[in-house]
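Report on the following structure.
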């Protein structure tokens with residue numbers, strides 16, 4: 030059960046002291062300063078009010094650190110959810126989002142309990158990079174209206190119609206709004222370049238919030254967009270859940286759970302690389318599930334591990350999960366003390382923040398590097414990227430993963446070899462199964478060496494080889510020392526091969542069978558006590574057994 034122990038428990042058990050608390054508190058405050066404007070901006074981009082993002086950062090952020098399997102993971106609302114959350118709210122309303130997020134939390138808990146955490150890491154990088162970059166493009170596109178101050182009331186949701194609407198309304202650009210947005214954008218970029226340790230997002234937000242009322246600029250703010258926004262923590266409540274409502278939200282729940290799991294474990298892996306620690310993936314999934322349920326109870330958004338905030342946490346000196354917990358408490362303090370001041374934040378400043386977030390999500394260097402990879406990887410990357418932007422995120426993930434798996438199996442099938450001829454070797458230290466397989470081969474004996482994993486993509490080759498022999502040997506030796514794995518199709522292929530041999534009166538000798546293939550064959554009853562089958566430890570023993578069988582037959 031060690032893999033299901035939260036890192037916070039490990040920290041306390043190993044001894045927690047004031048020195049660690051001081052480091053964690055400074056890191057937590059640093060991350061909270063970053064998270065404050067970012068959480069509001071992500072909530073607005075998702076189609077929700079900014080207070081929803083802050084509530085998510087408080088409750089989900091605290092639970093992710095308190096129960097998670099990573100020492101320095103910081104959680105909250107992230108850019109990966111923006112597209113999904115926006116679509117769910119548009120189609121099912123905000124109560125639909127709460128139900129979908131609640132179910133996603135249950136799915137994540139089940140995934141962790143069944144130890145699925147280690148499987149998520151097998152999602153190919155071209156798929157992850159493709160849909161992350163696609164989400165970044167969509168996020169940036171969604172902020173053009175607020176950044177330019179266009180007169181569009183409700184821009185279309187789809188990518189192409191949205192840009193057609195932008196182009197049609199380009200003459201309505203609001204100069205004051207544009208200047209505020211450009212000022213915030215330049216402030217963030219300059220601070221990132223020359224003073225990266227300063228909280229650029231917060232400084233840009235404060236400067237813009239002060240400049241607008243001082244200069245009497247007619248610029249839209251959070252207060253004018255969301256006049257009824259809560260400035261306190263809401264009382265917990267449970268969403269109105271019914272079977273019919275839950276059934277229609279199942280696809281959205283699985284999408285949220287998938288994104289939360291992927292993002293959280295990617296963030297945990299990044300944290301491991303920066304700190305030299307090792308996260309507990311299954312406990313991390315369970316924590317993500319509980320955190321999303323906790324967020325729902327207070328009307329929050331879906332949450333997951335945030336890579337940028339986690340990296341900031343580490344660079345600020347975080348040592349234990351307490352840093353992430355302190356980040357949540359500091360955000361709560363900001364809400365309680367200065368919640369009313371959020372109304373002065375210009376929408377254009379938040380749009381500038383999201384432009385920077387989108388640029389970071391693009392991972393342009395990795396994207397370009399993947400474009401230099403083989404055609405198969407490039408195709409998966411571009412297809413996932415295009416489907417994310419022009420079709421749907423769920424479709425993009427499904428098609429991307431499926432295509433990547435098919436291409437991988439095609440490449441693996443090329444590595445599997447079935448040889449009747451093997452070049453001779455005279456190295457005295459060579460393994461017996463690496464000898465020239467046709468040296469001293471008795472008359473009436475045929476031999477094949479299989480190299481590589483035998484799965485359904487290559488299972489038919491052995492049967493085709495037997496059909497091409499053109500004669501009926503008395504004995505066939507299958508050399509399998511270089512077969513590390515058999516799947517169900519591979520076992521079926523060997524079973525059919527043996528059945529055909531039996532019909533022809535041919536004996537089968539399997540040499541050098543490894544543990545996993547041997548166990549798979551035993552499950553279908555293929556063992557040494559079956560007629561017509563013999564298992565030998567290596568090729569020399571197989572040759573000796575073949576001679577004995579041919580002599581007995583003669």
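Residue numbers (the numbering used here): 30 to 583.
The beta-carbon is built from N, C-alpha and C at its ideal position, and this holds for glycine as well.
None of these values were measured; they are calculated from a predicted model.
CA-to-CA distance, residue j to residue i, given in whole angstroms
i, j, result
"residue 61", "residue 361", "9 Å"
"residue 522", "residue 163", "42 Å"
"residue 146", "residue 102", "16 Å"
"residue 172", "residue 212", "15 Å"
"residue 404", "residue 126", "38 Å"
"residue 178", "residue 365", "31 Å"
"residue 199", "residue 249", "18 Å"
"residue 239", "residue 373", "8 Å"
"residue 19", "residue 503", "Within the shown structure, residues of the chain are numbered from 30 to 583, placing residue 19 beyond reach of any answer."
"residue 557", "residue 45", "59 Å"
"residue 33", "residue 139", "13 Å"
"residue 7", "residue 306", "Absent from the structure is residue 7, since the part of the chain shown begins at 30 and ends at 583."
"residue 505", "residue 534", "11 Å"
"residue 476", "residue 292", "49 Å"
"residue 578", "residue 437", "41 Å"
"residue 347", "residue 420", "40 Å"
"residue 339", "residue 115", "24 Å"
"residue 392", "residue 290", "20 Å"
"residue 406", "residue 257", "48 Å"
"residue 569", "residue 100", "54 Å"
"residue 311", "residue 37", "15 Å"
"residue 281", "residue 478", "48 Å"
"residue 148", "residue 48", "37 Å"
"residue 572", "residue 440", "33 Å"
Beta-carbon proximity list for residue i, same chain, < 6 Å, skipping 5 on both sides
i, result
"residue 563", "538, 574"
"residue 111", "74, 75, 168"
"residue 195", "173"
"residue 220", "227, 229"
"residue 368", "260"
Buried versus exposed, by CB contacts within 10 Å (16 or more), residue i
i, result
"residue 222", "exposed"
"residue 594", "There is no way to answer for residue 594, as the model of the chain reaches only from 30 to 583."
"residue 514", "exposed"
"residue 363", "buried"
"residue 251", "buried"
"residue 520", "buried"
"residue 319", "buried"
"residue 546", "buried"
"residue 91", "buried"
"residue 98", "buried"
"residue 530", "buried"
"residue 548", "exposed"
"residue 261", "exposed"
"residue 359", "buried"
"residue 302", "exposed"
"residue 193", "exposed"
Member of the options whose CA lies at the smallest distance from the CA of residue i
i, options, result
"residue 208", "192, 237, 188", "237"
"residue 378", "264, 126, 175, 39", "175"
"residue 286", "191, 184, 331, 33", "331"
"residue 283", "133, 415, 275", "133"
"residue 182", "367, 254, 232", "254"
"residue 186", "35, 232, 118, 124", "118"
"residue 50", "431, 351, 291", "351"
"residue 560", "547, 87, 532, 576", "532"
"residue 375", "234, 281, 426", "234"
"residue 316", "549, 552, 53, 136", "136"
"residue 273", "389, 128, 309", "128"
"residue 567", "397, 280, 508, 395", "508"
"residue 170", "418, 424, 440", "418"
"residue 544", "512, 232, 197, 188", "512"
"residue 304", "278, 342, 480, 54", "342"
"residue 277", "325, 120, 480, 86", "120"
"residue 313", "541, 104, 57, 65", "104"
"residue 354", "141, 57, 241, 501", "57"
Beta-carbon proximity list for residue i, same chain, < 7 Å, skipping 5 on both sides
i, result
"residue 214", "381, 384"
"residue 82", "68, 69, 71, 72, 106, 330"
"residue 269", "124"
"residue 322", "131, 134"
"residue 524", "553, 555"
Chain-order list of residues whose beta-carbon lies under 8 Å from that of residue i (same chain, five-residue window excluded)
i, result
"residue 429", "153, 155, 156, 159, 160, 409, 412, 413, 416"
"residue 472", "579"
Subject >> Minimum length 4: unbroken alpha helix (DSSP H) runs contained in the segment 261-298 >> reply: 272-277
Subject >> Unbroken stretches of the alpha helix (DSSP H), 4 residues or longer, contained in the segment 146-222 >> reply: 146-149, 154-171, 173-177, 188-197
Original post:
Which whole runs of the alpha helix (DSSP H) in the segment 532-569 are 4 residues long or more, in chain order?
Top reply: 544-552
**OP:** Entirely within the segment 298-370 and at least 3 residues each: give me those beta strand (DSSP E) ranges in chain order.
**Re:** none
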